[in-house]
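Take the sequence shown: its position 117, counting from 1, is numbered 199 in this note's numbering, and each next residue is one higher.
Don't be surprised by glycine CBs; every beta carbon is placed ideally from N, CA and C.
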Amino acid sequence: LATATGFLFGDAQGRIWRVGLGGEVALLAGTGSVSVGSVPTPGGTGVAATLAAIGSVRGLAVDGAGRVFVSDGARNVVWSIGLETPPRARIVAGVIDRRAPLSDTPAFGPEFVLASPGALSFDGMSTIYIADADANRVRALNVLSGQVTTFAGSGDPGNATPAGDFGDARLATLSRPAGLAFHGGRLYIA
Numbered sequence: 083l084a085t086a087t088g089f090l091f092g093d094a095q096g097r098i099w100r101v102g103l104g105g106e107v108a109l110l111a112g113t114g115s116v117s118v119g120s121v122p123t124p125g126g127t128g129v130a131a132t133l134a135a136i137g138s139v140r141g142l143a144v145d146g147a148g149r150v151f152v153s154d155g156a157r158n159v160v161w162s163i164g165l166e167t168p169p170r171a172r173i174v175a176g177v178i179d180r181r182a183p184l185s186d187t188p189a190f191g192p193e194f195v196l197a198s199p200g201a202l203s204f205d206g207m208s209t210i211y212i213a214d215a216d217a218n219r220v221r222a223l224n225v226l227s228g229q230v231t232t233f234a235g236s237g238d239p240g241n242a243t244p245a246g247d248f249g250d251a252r253l254a255t256l257s258r259p260a261g262l263a264f265h266g267g268r269l270y271i272a
């Protein structure tokens, strides 16, 4: 992911690395092993980002304030890496290690169960979109309030009868959304 100060990327061990414009590389978050990391308490102050027990990095996004968001498909959560020095990691969406496409009822992020979060996209204002692949939906995380809602997808993959064209996005028959891009006031879903 390209940012104003360089690049971010995740590796196969659940770590996030920052590459500066001058080529310097530094670990931003993750331990490289879920078994030796820490998990923050929901709604708490988080844990040191380099001690966060991140399972896998499937998507990255940066909000307008510069916070880094990481979708962790292995642990079914979205992490936020704050701007503190040193940075701290918090779970902002999903319940750690609980995987189930249960509900479309809006909820505070760490109470909203995700099913295999993947791609992320920021709208430039206050929303991080989350491709919730196994739920066949796209979720919207309001970074100001912490509330998660369903933005698109009925949960039915629509293999036989696609629906939702030109109507309510929550009725669209998405099948395992894999990529997201926000541009010109529209969210594009692969």
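Alpha-carbon to alpha-carbon, residue j and residue i
i      : j      : result
Leu133 : Gln95  : 13 angstroms
Arg252 : Asp238 : 11 angstroms
Arg100 : Val129 : 19 angstroms
Gly176 : Arg258 : 17 angstroms
Asp216 : Ser198 : 6 angstroms
Phe264 : Asp205 : 6 angstroms
Gly148 : Val220 : 23 angstroms
Asp214 : Thr113 : 25 angstroms
Leu356 : Leu269 : Only positions 83 to 272 of the chain appear in the structure, and residue 356 is not among them; the question remains open.
Asp145 : Ile210 : 8 angstroms
Ser162 : Ile178 : 14 angstroms
Best match in the options for proximity to residue i [C-alpha to C-alpha]
i      : options                           : result
Ala189 : Met207, Asp179 and Ala222         : Ala222
Phe89  : Gly126, Val150, Tyr211 and Gly155 : Val150
Arg157 : Phe194, Gly92 and Ala135          : Ala135
Leu103 : Val225, Asn218 and Leu83          : Leu83
Gln229 : Phe248, Asp247, Ser236 and Ser208 : Ser208
Residues that DSSP places opposite residue i in a beta bridge
i      : result
Ile136 : Paired residue(s): none; Ile136 is not in a bridge.
Thr123 : According to DSSP, which records beta bridges pairwise, Thr123 is partnered with nothing at all.
Ala189 : Val230
Ala143 : Phe151
Asp214 : Pro199 and Arg219
Extent of the continuous beta strand (DSSP E) to which residue i belongs
i      : result
Ala108 : Val107 to Ala111
Pro199 : Pro199 to Phe204
Arg170 : Arg170 to Ala175
Any non-hydrogen atom of the ligand SAH closer than 7 angstroms to residue i Cβ
i      : result
Ala213 : Ligands are entirely absent from the displayed structure, and the ligand SAH is therefore not among its contents.
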